[in-house]
Amino acid sequence: MMTPGLDSDIVAAASAAQREAADPRYSVFVEANAGSGKTRVLVDRVARLLLQGARPDRILCVTFTKAAAGEMQTRLFRKLGDWSTLPDAALKEELERLSGGEPGDLGAARRLFARALETPGGLKIQTLHAYCESLLRRFPLEAGVPPGFATQEEPGSQRARSEALSATLGQAAGEPDGPLADAVADLLEGGGPSAPETLAGFVASKRHAFRRALEAAGSVEALMDAASDALGVDPQMGEEEAKARGWAEAGEGNLEAALSAFDSGTSKRDQESALRLGAALDCGETDPVAAFDAYCELLLTKQGELKAPTSIYTQTLGKTYSILVTLFGPEGDERHRMQAEALPLVRQARANTMSRAAVRFAAAFLDAYEARLAARRALDFADLVEHARTLLSDSEARDWALYKLDQGLDHVLVDEAQDTAPEQWAVIAAITEEFFAGEGAAHDGVLRTVFCVGDEKQSIYSFQNADPRRFIAERLRLEARADEAGLEFRRPPLDVSFRSSAEVLEAVDRAFAAERHAIAAPERKDVTGALETKFLMSDPETAEARDPLAFHRYEGHRAARKHTPGCVEIWPATPKPAAVEDEDLELAPVDAPQPESARNRLAEAVAQEIHDLLARGDRVWEEAKPEWIARAARPGDIVVLVRKRGGLFEEIIRRLKLKGVPVAGADRMTLADQLVVEDLVSLAKFALLPEDDLSLAEVLKSPFFHPAGAEPAIDDDALFDLTRRPETRLWDKLRATDDPRFAEAREALDRARARVDADAPYAFFASFLEEASATGESRLARLYARLGEEARDPAEEFLSRALAHERDGAPSLARFIAAIEGDAAQIKREMEAGRGEVRVMTVHAAKGLEAPIVFLPDTTQTPNGRSNGLYAHDDAGLVWTPDPKSPPPLVKSLQEVEELAQDGEYQRLLYVALTRARDRLVVCGHVHGRGEGKIDAGCWLDRVQRAWRGEDWRAVRTALHDVADAQAWDVEPALRFGEDPPALKPAEAAAETAPPLPAWAKAAAPEEPRRTRAVAPSHLIAEEEGGFEPAPLSPLAPGGEARFRRGALIHKLLQTLPDLPEARRAESATRYLAAQPELSDAQREEIRDETLAVLDHPEFAPIFGPGSRAEVALAGAAPDLPDGVTVNGQIDRLVVTDHAVLIVDYKTNRPPPERVEDVAPAYLGQMAAYRALMRVLHPDKPVRCALLWTDGPRLMELPEDRLDAALAAARA
């Protein structure tokens, strides 16, 4: 049997290309296929830069995501850490492999790990946003940003956008006759009630481009005029003016003749045309706008298209009256005029009105949004890049900032370069500008380099402004700059995949055969802007539906793996079920698919296939260097990829759960939409307003009162019984009922109601969830038992938000719930492979991931191409038409560009999806649409069905056919390329058996250690031992409050007066006591004199002298204290000298005890506790304790034996 592993010849060639890419002597731009080791090359290059002596703090690596930056850093430090411990022979071999030559200084290689960790500033491996943030924090004033700014996360940005939208609409409502109100009215008329919100979201995503256009125009009005110019109409041209012109140019004389002709007709069609044309002529002189509308009813369909001539007049009438053919025939004058002039002018005018309104509204909205960010001293992620770009490109401080940066960077490396947006490329271009400029190309004798690696075929983030054309343009720009500077520039190909089997890679190449045969010829190079590319087809037969934006170049794949066979399957499109008779239909939401819709059939088949292959133990391969081993598939080996999260996405997850297959939940979630959050929100709403019957009913039906593993106590029947009398509030019924099914809920909700006014949001929810239920488990455990482990993430995120809410300001449960319900931001869940669950996720979320087995079920629909008519425009900021189906010429051209870009990204998304698979790839889909259903032409399934044909594709049976047999419907065979994966489950059964429980799990749990008990020093001795302070009179007795107030004032004066010069103490004491209105003059004088007597007493001078401290907080445990006790107290006066420690506590008792024997045990315990703690802090010094009785005054030192006895009593 041939040994599974890697093809040594292919690996050798790939390694040579990787070494060339990692060679630090050259600037390099790498276009790499999926699975070719892009990240490894980048890490190797950084390692080689360090080996040749580059300073770690002069290297910058930027990548697309925090996760990618973390992975890169982990790999690099693991490599450097290994070098520090490898034996010499192994390290020498590793360095030879890395460079392809002599290993160099082994000792220097071993020191790199410590050097990288200890260098100030260290290696900068981060996202570009993080780098821009650090740049702005370094140059805040030069960049025009507030020093110490906060970075606004997406939820905060969303809240700011919502507030800004409300403020803008409020501003318009406050000035109903103002221009902003007119703009809002035009937006609502042209775009409907959601138009302001749609525009706000669009402008927020493009706000810096819009702001640049606004600044270039000089004013809002000038930018509005620029929009009119772009549309090709007069700024004052509105819809009514355009319609009036369209009617004026119709020629009423010819129309009168046409009306006479229509009047002579006898058919219904001719008479209807006569009525419509007559209505237009009747109001033509008085109301040309109404006349044009009536004229349009004659000539246009309801969809706004020109009617066929025979829909305007009958053939017989047309033969009799030539005027009708002349005006309205196929080549008729009016037909041509309306189509070429009048209707386009009306559409342009409507777009003009809408665009001008949109510009005005957008400017006001951006002012409001940016004001909110400024109030928070915050920058969002777009701000970070834009301010960095402006600082390095357009600001007055540009040269200074670049000069300072030029002193700090020698090497810049860009990972996932295809995902870099144009404004981000501008930042990279600015910081590397001097790398190719004469003396700047070398710094301190070090040749400076740029390294970029990416794959145009994987550019799928257009919604973040990434553009594959810019990726190619930047490669040409860097190549041209290097050529101008006489520097060598390398472009090594990385086409070898170390990830996928040969069968998977061959299927991928066949799917993109048209792209593979296409030759891309650059039409022109523009090193400062975008690239225009012309594609020449060498094989016209494969050129159908060729998209010039999909790929600039497609390099075929070579597989490094050998003797590790995989397979690729393509299933037929799952058909729709036969029509269901009306009497068989059950009541269901109108948008709910039928139980056995094509979508649900496919979800069932995919779930069943996954269940079956796991049960069989279908083979997958795992690398166990230097070989590969076969093993049975596990749930964590399987990924199901969809284009978007929708019904199919959710149905597959549901069906997998029903079959008992471990499956992760959704990879992204909107917090407010999660069931666990909805239940918690309902709980809070009820607690805040018990009259909210709906929220209370939702809480009663929630998992909170559903015992784990049992039937719900409160089922539909129970709730119906409780709610039958609508005249009474549900909460009143619940409290009045003696039905035992509601007992637990009633008591728990009573407690929640009692806490709602006292607890902050986190405490309210946490206490309710952690509270033990009637059956013993917590309500949180009930949630997980009912909703599954996927409820854990939203529950924990909800509680985290509650804590964050408390940090943001005064906590309010009502305000917190409002914030949660208004937060539409999505939360990303990490879908790492090690969780042992099937992962169902979008292709976008799977970027950078891989899996042995990949299913693609969402393959039969192409991008819909539907547009809302709203587009960004360089000069006008934006343009918007209310007629996206029949737009003016400018908008139509923008639509065409967008549709081409959408289709290009759609094809690149397929490439990303196909190349996630290592061993097995399954492509399937379902029909959609009306009737029998269809799959869209050019969709993913259509593309691979046309490409994956031939003798090497054989018919196989899948779970789809099992489902079809069970439900009695027909389906075509599936096709498989590659050998059938053998079943390995029996051989692995023993390995998967759960190990026996360890001994500790069967033994009784040991007694838990005694928990630490915190006590005040004065409570160290129990009351029964005399451990209480003397209180001859109750503080509630007459004069009691004054007595305690007197003691507090003396303590305060003794704390503060020693820090003042002696000459000022009496005056300060008098002034302080004068501010206490409850004291009489005699009391003020008595307290002042007693305090000054203490301070002026010569015996007490050391206590208040230099080196003494007042009110010293002290907490902790000590060997002399009782076990499990920590003391937390405050020493009135502490004196620490070179030779001793003195602890003094003030006592204001009147009269004070004359003898130590009469001192209260609580005082002795207190001082003994202080002494015990100070002995730990000062083990080499004697610690003395004394009580300073202010009535006298008199200092009483406490003997050691008395303090020892107090501690003994405390320990007893």
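For what it's worth, my numbering labels the leading residue of the sequence shown as 13, then goes sequentially.
Where a beta carbon is used, it is the ideal one built from N, C-alpha and C, also for glycine.
Since we're looking at a predicted model, the values are computed, not measured.
Tell me which residues share the same chain as residue 1204 and place their Cβ nearer than 7 Å to its Cβ, disregarding the 5 neighbours each side in the sequence. 1164
Residue 883 - containing beta strand (DSSP E), residue span
882 to 885
Residues that residue 938 bridges to, as DSSP identifies them:
586
Cβ-based neighbour list, residue 1152, same chain, cut-off 6 Å, excluding 5 preceding and 5 following: 1193 and 1194
Q. Okay, do the segment 95 to 115 and the segment 494 to 504 touch, 3+ Cβ pairs below 8 Å being the bar?
A. no
Are residue 349 and residue 895 close, meaning C-beta to C-beta below 8 Å?
no
Below 6 Å CB to CB, which residues in the same chain sit around residue 304 once its five sequence neighbours on both sides are set aside?
255, 258 and 259
(message) Cutting at 8 Å between CB atoms, please list the residues of its own chain near residue 337, excluding the five before and the five after it.
(response) 321, 330 and 344
For the beta strand (DSSP E) that contains residue 1158, what are its first and last residues? 1153 to 1159
Margin query: I'd like the list of long-range same chain contacts for residue 389, defined as Cβ closer than 8 Å, with 5 residues on each side in sequence excluded.
Written below: 158, 160, 161 and 162
Open item on the list: I'd like the list of long-range same chain contacts for residue 75, defined as Cβ closer than 7 Å, with 5 residues on each side in sequence excluded.
Closed with: 81, 84, 139, 427 and 428
According to DSSP, simplified to helix, strand and coil, what is residue 896?
coil
Sequence-distant residues of its chain with Cβ nearer than 8 Å to residue 1078 (five each side left out): 1100 and 1104
| message | Does residue 772 come out as helix, strand or coil in the three-state DSSP assignment? | response | coil
Margin query: Tell me which residue opens and which closes the beta strand (DSSP E) that residue 299 is part of.
Written below: No beta strand (DSSP E) contains residue 299, which DSSP labels as neither H nor E.
Among 24, 729 and 482, which one has its Cα closest to the Cα of residue 570? 24
Three or more beta-carbon pairs under 8 Å between the segment 912 to 921 and the segment 387 to 401, yes or no?
no
Ignoring anything shorter than 4 residues, give me the alpha helix (DSSP H) runs that lie fully in the segment 689 to 755, in order along the chain. 705 to 712, 728 to 734 and 742 to 748
How would you call residue 313, buried or exposed, if buried means at least 16 neighbouring beta carbons within 10 angstroms? exposed
Item to complete: Buried or exposed for residue 1190, please, with buried defined as at least 16 other CB atoms from any protein chain shown within 10 angstroms of its CB.
Response: exposed
Does the Cβ-Cβ distance between residue 1070 and residue 1122 come in under 8 Å?
yes
Task: Collapsed DSSP secondary structure at residue 671 in the structure displayed - done: coil
message = Quick check: the segment 364 to 383 against the segment 193 to 209, are at least 3 beta-carbon pairs closer than 8 Å?
response = yes
Contact check, residue 33 vs residue 927, beta carbons under 8 Å: no
Does DSSP put residue 1003 in a helix, in a strand, or in coil?
Confidence at residue 1003 is low in this model, with a pLDDT of 42, below 50, so the placement of that residue is unreliable and no value is reported for it.
Requested in this report: State the Cα-Cα distance for the pair residue 488 and residue 987, rounded to the nearest angstrom.
Outcome: 43 Å
With a cut-off of 8 Å, do at least 3 Cβ pairs link the segment 717 to 732 to the segment 745 to 760? yes
*asked:* Classify residue 907: buried if its beta carbon has 16 or more other beta carbons within 10 angstroms, exposed otherwise.
replied: buried
Within this structure, are the beta carbons of residue 806 and residue 686 separated by less than 8 Å? yes
Is there at least one Cβ from chain B nearer than 8 Å to residue 775's Cβ? This model lacks chain B altogether; it includes just one protein chain.
| request: Leaving out five residues on either side along the sequence, give the residues of the same chain with a beta carbon under 6 Å from the beta carbon of residue 715. | output: 794, 795 and 798
Beta carbon of residue 214 nearer than 8 Å to that of residue 889: no
Exercise for review: With distances taken Cα to Cα, identify the nearest neighbour of residue 445 among 472, 216 and 414.
Suggested key: 414
CB residue 306 to CB residue 292, shorter than 8 Å? yes
| query | Looking at residue 1186 and residue 1198, is the spacing between their C-beta atoms short of 8 Å? | reply | no
inquiry  = Within a Cβ cutoff of 8 Å, which residues of the same chain sit near residue 939, ignoring the five residues on either side of it in sequence?
reply    = 585, 586, 587, 588, 610, 872, 945, 946 and 947
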